[in-house]
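In the working numbering, the protein residues as written are 55 to 237. Written out below as structure tokens is the structure these notes cover.
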Amino acid sequence: MNKVFELLVTVTIGKTNAQGDVYWTRYCEWFGEARELFFLGLLKQVMPAGVRPMEFMIAQDLAIDTGDAAMKYAKKAFLGDELIVRIGVKELQHASAKMICEVVRKDAEGIEDLIATGSQMLVFTNADGSKIKKIPGPIKALAAEYLTDTLPAISRSNLRDRQFPGLGVHPPKEADALVGASA
């Protein structure tokens, strides 16, 4: 497996809903934050010293837009939980990148519990978003180090055979494609 980017998150009261669990949009926010930090890390490796990331992107006439995004929820997270948001690159095309995400809760013994999974298709465009643009070679080469078919917790999970505690539902068959499960 190639590199995986991780963001550590502690669930605070402002991230929960009236029932005391994490509000569903927070997972999307954490995925977005991890993705932004991931790309900032890549940019810092290719841009000149002293140049800010937005200045660099404007100078390159480059923007990154969302073409598609999805999150699937497996379990609830609660106030005080320590979560790890992991992202990797599932596909790297001429002008797009499909990012994948997993959110896991790690207990005191180091055992990980899968909370949510997600994906996002990023499309590279010119700065005003009017034209599709090729991913710059140096950024694409760095992103390629994170290419993966699956992330660590997803590869150890079989969501198809597991009922989601607290939700009273079985995951949809599409989860098989997300976790790479086979019949």
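Glycine included, each C-beta is placed from N, C-alpha and C at the ideal position. Just so it is clear, the structure is predicted and the values come from calculations on it, not from any experiment.
query, result
"Report buried or exposed for D182, applying the criterion of at least 16 other Cβ atoms within 10 angstroms of its Cβ.", "exposed"
"Within 10 angstroms of its Cβ, does G220 collect 16 or more other Cβ (buried), or is it exposed?", "Note that G220 scores a pLDDT of 41, beneath 50, so its modelled location is shaky; the value from the coordinates is reported in the next line. G220 should be labelled exposed."
"I need the DSSP call for Y258, collapsed to helix, strand or coil.", "With the chain covering 55 to 237 only, the question about residue 258 has no answer from this structure."
"Classify Q99 as helix, strand or coil using the three-state DSSP reduction.", "helix"
"Enumerate in chain order the residues of its own chain whose CB-to-CB distance from Y77 is below 7 angstroms, with the five nearest sequence positions on each side excluded.", "K69, T70, N71"
"Measuring straight from C-alpha to C-alpha, what distance separates R140 and I118?", "20 angstroms"
"Assuming A113 is part of the beta strand (DSSP E), what are its boundary residues?", "Here A113 belongs to no beta strand (DSSP E); instead the alpha helix (DSSP H) covers 107 to 113."
"Less than 8 angstroms between C-beta atoms, sequence neighbours within five positions excluded: which residues of the same chain meet that for L96?", "I193, L196, A197"
"Leaving out the 5 sequence neighbours to the left and right, which residues in its chain are closer than 8 angstroms to V58 when beta-carbon positions are compared?", "R140, I141, G142, Y200, T202, L205, P206"
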